[in-house]
Amino acid sequence: MKKANTLLLLGALAGAGGAVLLAKRQNEHIVTTTYRLENASITKPVKIVQLSDLHSAILPTLEEKTRALSPDLIAVTGDYINDRGKNKTNMLQFARTLCSIAPVAYIPGNHERRLPYFEALMQQLEAAGFHVLVNREERFQLGGNTISVLGLSEKQADKKDYVKRAMGNFQYDDLTPLLKDFETREGFKLVLCHFPENFEKIEALRYSRFDFDLMLSGHAHGGQFDLPGIGPCFSPGQGLFPKYAKGIFGTHPQMIVSRGLGNSEFPLRLFNYPEIVNIEIQPKQQRK
1 MKKANTLLLL GALAGAGGAV LLAKRQNEHI VTTTYRLENA SITKPVKIVQ
51 LSDLHSAILP TLEEKTRALS PDLIAVTGDY INDRGKNKTN MLQFARTLCS
101 IAPVAYIPGN HERRLPYFEA LMQQLEAAGF HVLVNREERF QLGGNTISVL
151 GLSEKQADKK DYVKRAMGNF QYDDLTPLLK DFETREGFKL VLCHFPENFE
201 KIEALRYSRF DFDLMLSGHA HGGQFDLPGI GPCFSPGQGL FPKYAKGIFG
251 THPQMIVSRG LGNSEFPLRL FNYPEIVNIE IQPKQQRK
């Protein structure tokens, strides 16, 4: 009997250890997803790397993998620092590291918006080298291409905002003037918005009404659990089984949603590895 109990205990410990190792791998093993696009506004190949939802955590291989991709531009699409301001000093230093790889276009997410020192943080990130785009645009010359980047930043941040969205009475910011003006830009037009649901799901204010090329979003964390046969399970702002949790959507404009790199309140991913998004854009070939 004693031997049987010992074997059961050892088996339980082994199972628990295996679960811990699996959870660690699910949370720390970074995968790179590559999208290959063609665009008539691109004259020479250009590469954009998207990093989203780090939540104040720098995964061990993130710098190495990002640097190895040799991007022309890095887009950081929100929740770079979490709502407790955790690890801020290291995150500011990592911002400088990213800027040593390529120019960095950055937008805040809902977590940065919750911080009482939001404006000061934006200034600190700008001083670290980020191009901080809070409802403004900037133009980049990348390898002979003109890339205009518009960063949109909704002020939704608090948990009460999620309740209002679920009830259908949240008042979204009307960013129509910014998007309408952005349509007139020449070259490749890139929009950064933390919230993917703003692309199509906010009815009259949806961003997909406008003439731009690509929108990059995050926020959904890939649905947290991405179960075989079921798919992404939950996203704040979209609820159960979110449509916009990962992948590419639309034709013109298109949207790419990153699964993100970190976690916020819920500390575990399942079948949903942290992700670097690598976007390779080629000149559009003339069809014969």
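When the sequence shown is numbered by the UniProt record's numbering, its final residue is 288 and no position is left out of the sequence of numbers. By construction, the Cβ of each residue, glycine as well, lies at the ideal position given by its N, Cα and C atoms.
> Hey, serine 264 and glutamate 275 are a contact pair by Cβ (cut 8 Å); roughly how many whole angstroms apart?
Replying inline: Numbered from 1 along the sequence shown, position 264 holds the residue referred to as residue 264. Numbered from 1 along the sequence shown, position 275 holds the residue referred to as residue 275. Not quite, the Cβ-Cβ distance comes to about 16 Å (not below 8 Å), so this is no contact.
> Over what stretch of residues does the alpha helix (DSSP H) that includes cysteine 233 continue unbroken?
Replying inline: Counting from one through the sequence shown, the residue named residue 233 turns up at place 233. Neither: cysteine 233 is in no alpha helix (DSSP H) and is coded neither H nor E.
> Is threonine 33 helix, strand or coil when you go by DSSP?
Replying inline: In the sequence shown, the residue the question calls residue 33 occupies position 33. Threonine 33: strand per DSSP, three-state reduction.
> Should proline 232 go down as buried or exposed, given a rule of 16 or more other Cβ atoms within 10 Å for buried?
Replying inline: Locating residue 232 in the sequence shown gives position 232, counting from the first residue. Buried, by the Cβ-count rule.
> Whose C-alpha, out of Arg269, Gly218, Gly262, is nearest the C-alpha of isoleucine 256?
Replying inline: In the sequence shown, residue 256 corresponds to position 256, counting from 1. Residue Gly218 is the option with its Cα nearest to isoleucine 256.
> Hey, is the region 170-181 in contact with the region 71-79, meaning 3+ C-beta pairs nearer than 8 Å?
Replying inline: no
> Is phenylalanine 234 near leucine 227, with beta carbons less than 8 Å apart?
Replying inline: Numbered from its first residue, the sequence shown carries residue 234 at position 234. Numbered from its first residue, the sequence shown carries residue 227 at position 227. No, the Cβ-Cβ distance between phenylalanine 234 and leucine 227 is not below 8 Å.
>> Does glutamine 238 pass the burial test, meaning 16 or more other C-beta atoms within 10 Å, or should it be called exposed?
In response: For this step, residue 238 is matched to residue 238 along the sequence shown. By the 10 Å Cβ count, glutamine 238 comes out buried.
> According to DSSP, what are the bridge partners of phenylalanine 225?
Replying inline: Within the sequence shown, numbered from 1, the residue matching residue 225 stands at position 225. Phenylalanine 225 pairs with Leu270.
> What residues in its chain sit with their C-beta under 7 Å from that of glutamine 124, if we drop five residues either side in the sequence?
Replying inline: In the sequence shown, counting from the first residue as 1, residue 124 sits at position 124. Cβ neighbours of glutamine 124 beyond the five flanking positions: Leu92.
>> the ligand PLP and glutamine 254: does the residue's C-beta get closer than 7 Å to at least one heavy atom of that ligand?
In response: This structure does not include the ligand PLP; it has no bound ligands of any sort.
> If you follow the beta strand (DSSP E) that arginine 84 is part of, which residue opens it and which one closes it?
Replying inline: What you label residue 84 is simply residue 84 of the sequence shown in a count that begins at 1. Careful: arginine 84 lies outside any beta strand (DSSP E) and carries neither H nor E.
> Would you say alanine 245 and alanine 220 are within 8 Å of each other, going by their C-beta atoms?
Replying inline: Taking the sequence shown and counting its residues from 1, the one referred to as residue 245 is at position 245. Taking the sequence shown and counting its residues from 1, the one referred to as residue 220 is at position 220. Yes, the Cβ-Cβ distance between alanine 245 and alanine 220 is below 8 Å.
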